[in-house]
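Take a look at the structure below.
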Amino acid sequence: MEKHCIHVEKVFDWIARSTKLTKRETLPHTIVEHDICVNICAPCGKKTMLWCAEKTVHAFGTVTVVYEQGCGGQMNVFINGELAFSLQEGESRSVTVSHLRDVHVECEGNGTCIGRVCIQLHQQLDRLGDCEHIRCILTDACGQPITPEQIVCRILDERQTVHVTLPNGKRVELQKIYVLVETFVILQCTRKDGTVWKTKPISLATIEDVLLCAPPETDIVCETITADCKVALLSTTCPQVLISVQLCQHIQSLGRVKVEIDGITCTPRIEQQVDVCPTHLSIPSCPLL
3 MEKHCIHVEK
13 VFDWIARSTK
23 LTKRETLPHT
33 IVEHDICVNI
43 CAPCGKKTML
53 WCAEKTVHAF
63 GTVTVVYEQG
73 CGGQMNVFIN
83 GELAFSLQEG
93 ESRSVTVSHL
103 RDVHVECEGN
113 GTCIGRVCIQ
123 LHQQLDRLGD
133 CEHIRCILTD
143 ACGQPITPEQ
153 IVCRILDERQ
163 TVHVTLPNGK
173 RVELQKIYVL
183 VETFVILQCT
193 RKDGTVWKTK
203 PISLATIEDV
213 LLCAPPETDI
223 VCETITADCK
233 VALLSTTCPQ
243 VLISVQLCQH
253 IQSLGRVKVE
263 IDGITCTPRI
273 EQQVDVCPTH
283 LSIPSCPLL
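Here the sequence shown stands for residues 3 to 291, where the numbers follow the numbering used here.
Written out as structure tokens, the structure is:
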């Protein structure tokens with residue numbers, strides 16, 4: 003056996019810890035974004051309502067109407083009670099409205115007109131009381147869903163040495179490490195009528211300190227293992243919510259060290275040849291008559 007000296011990464015210290023992020027949030031401008039598409043099958047000569055906003059909701063968005071086939075005349079589209087535009091068969095048109103209350107159509111002629119209306123709707127809610135179910139989703143700053151491992155867990159530059167007495171009475175030096183934890187959440191509400199709305203990303207962050215054996219030249223690695231997000235509705239009139247994110251994190255101090263080990267030089271083994279041909283089978287002779 004020979005002595006060998008190699009570089010390896012050593013774990014100087016490793017802790018598992020629980021971190022909780024909480025935030026009491028008032029949402030005065032809750033914006034709901036969703037698409038609504040309705041088929042048009044309306045009797046000609048009669049104004050037909052296709053969509054209307056709730057009285058307590060401020061809505062805005064883009065309305066697109068497609069006139070597929072009809073009664074021989076044009077389709078008149080009314081937005082907020084006023085004529086917005088007219089279409090011939092096979093035509094479509096879009097218009098953006100800042101205050102959207104209702105959409106009606108009226109086809110000229112006899113029979114039935116057929117088409118489709120789609121609304122890219124943005125609604126500002128004054129109340130959250132009609133949420134049948136509300137939950138929070140972990141996201142990045144842009145609102146894209148993330149896994150716990152993607153949560154920001156960053157070590158700040160400051161590192162202080164402190165003296166700590168262990169349970170066995172021994173006094174040791176440890177380092178106080180400051181950790182920044184940040185994530186974003188989106189609140190998702192399922193309303194009683196089945197529609198779903200989401201808020202914009204809401205930031206939650208905290209700076210906490212931990213004690214580690216982290217001598218100079220060591221690196222601190224922080225990883226989030228699990229994350230659980232809960233939200234509770236506190237007030238429906240403001241509206242106000244309480245958000246809580248419970249994290250389980252692993253924090254390690256790592257450093258490169260030299261280790262002496264016993265070993266021998268490795269050489270490749272000789273390949274073993276395997277005979278894949280079947281063994282020759284002898285055919286018995288015919289019996290003599």
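All C-beta atoms in this analysis are idealised placements derived from N, C-alpha and C, irrespective of residue type, glycine included.
Short Cβ contact (7 Å threshold) for residue i with residue j
i, j, result
"Gly113", "Cys54", "no"
"Glu160", "Tyr180", "yes"
"Leu158", "Leu182", "yes"
"His124", "Thr192", "no"
"Ser255", "Ala216", "yes"
"Cys109", "Cys46", "yes"
"Gln251", "Thr66", "no"
"Val212", "Glu27", "no"
"Ala234", "Phe186", "no"
"Cys155", "Cys224", "yes"
"Lys5", "Glu262", "yes"
"Leu29", "Pro241", "yes"
Integer-rounded CB distance, given that residue j should sit under 8 Å from residue i
i, j, result
"Ile81", "Val99", "6 Å"
"Gln177", "Thr163", "6 Å"
"Gln122", "Thr64", "5 Å"
"Ile253", "Ile17", "5 Å"
"Glu219", "Gly265", "Incorrect: roughly 27 Å between the Cβ atoms, too far for contact."
"Gln146", "Ile116", "Not quite, the Cβ-Cβ distance comes to about 38 Å (not below 8 Å), so this is no contact."
Three-way DSSP call (helix, strand, coil) for residue i in this model
i, result
"Gln152", "helix"
"Lys48", "coil"
"Leu168", "coil"
"Asn41", "strand"
"Leu311", "Residue 311 lies beyond the range of the chain shown here (3 to 291); nothing can be said about it."
"Thr197", "coil"
"Pro147", "strand"
"Lys312", "Since the first residue shown for the chain is 3 and the last is 291, residue 312 is missing from the structure and cannot be characterised."
"Glu84", "strand"
"Val90", "It should be noted that the sequence gives Gln, not Val, for residue 90. Three-state DSSP puts Gln90 in coil, outside helix and strand."
"Ala207", "strand"
"Glu56", "coil"
"Cys191", "strand"
"Cys120", "strand"
"Gln275", "coil"
"Gly113", "coil"
"Cys133", "strand"
Pick from the options that is closest to residue i, judged by C-alpha positions
i, options, result
"Thr141", "Glu184, His60, Ser88 and Asp211", "Glu184"
"Ile42", "Glu134, His106, Gln251 and His9", "His106"
"Gln248", "Leu189, Glu56, Ile227 and Glu91", "Ile227"
"Ile2", "Gly111, Gln190, Glu93 and Cys120", "In the structure as shown, the chain starts at 3 and stops at 291, and residue 2 therefore has no counterpart that could be examined."
"Ala61", "Ile38, Asn78 and Gly75", "Ile38"
"Ser205", "Phe14, Ile245 and Glu70", "Ile245"
"Met51", "Asn78, His36 and Lys25", "Asn78"
"Val259", "Glu4, Thr28 and Val10", "Val10"
"Lys48", "Gly75, Glu56, Arg103 and Leu236", "Gly75"
"Ala229", "Ser237, Phe14 and Ile148", "Ile148"
"Gln101", "Glu91, Cys133 and Glu56", "Here residue 101 is His; the residue named in the question, Gln, does not match the sequence. Of the listed residues, the one whose Cα sits closest to His101 is Glu56."
"Lys200", "Ile188, Glu210, Lys232 and Gly92", "Ile188"
"Ser94", "Asp104, Arg118, Glu84 and Gly111", "Arg118"
"Ser237", "Ser88, Gly111, Cys133 and Gly83", "Cys133"
"Arg137", "Ala86, Asp221, Lys194 and Lys232", "Lys232"
"Gly111", "Ile209, Ser96, Arg103 and Glu91", "Glu91"
"Ile153", "Met3, Leu23 and Arg173", "Leu23"
"Gly83", "Val97, Leu89, Arg103 and Ser96", "Arg103"
"Glu210", "Ala44, Val97 and Arg19", "Arg19"
"His36", "Leu85, Gln126 and Ala44", "Gln126"
"Asp15", "Asp221, Gln275, Gln274 and Cys288", "Asp221"
Limits of the beta strand (DSSP E) - the one that residue i falls within
i, result
"His101", "It is not in any beta strand (DSSP E) - His101 carries neither H nor E in the DSSP assignment."
"Gln2", "Because the chain here runs from 3 to 291, residue 2 falls outside it and cannot be looked at."
"Met1", "This structure does not reach residue 1, given that the chain is present from 3 up to 291, and the question cannot be answered."
"Leu23", "Glu4 to Thr28"
"Cys231", "Asp221 to Ser237"
"Thr269", "No beta strand (DSSP E) holds Thr269; DSSP gives it neither H nor E."
"Leu71", "Residue identity check: residue 71 is Gln in the sequence provided, not Leu. From DSSP, the beta strand (DSSP E) with Gln71 extends over His60 to Gln71."
Distance cut-off 6 Å: residue i Cβ against heavy atoms of the ligand FMN
i, result
"Pro150", "Judged by which ligands are present, the structure shown has none, so any question about the ligand FMN falls away."
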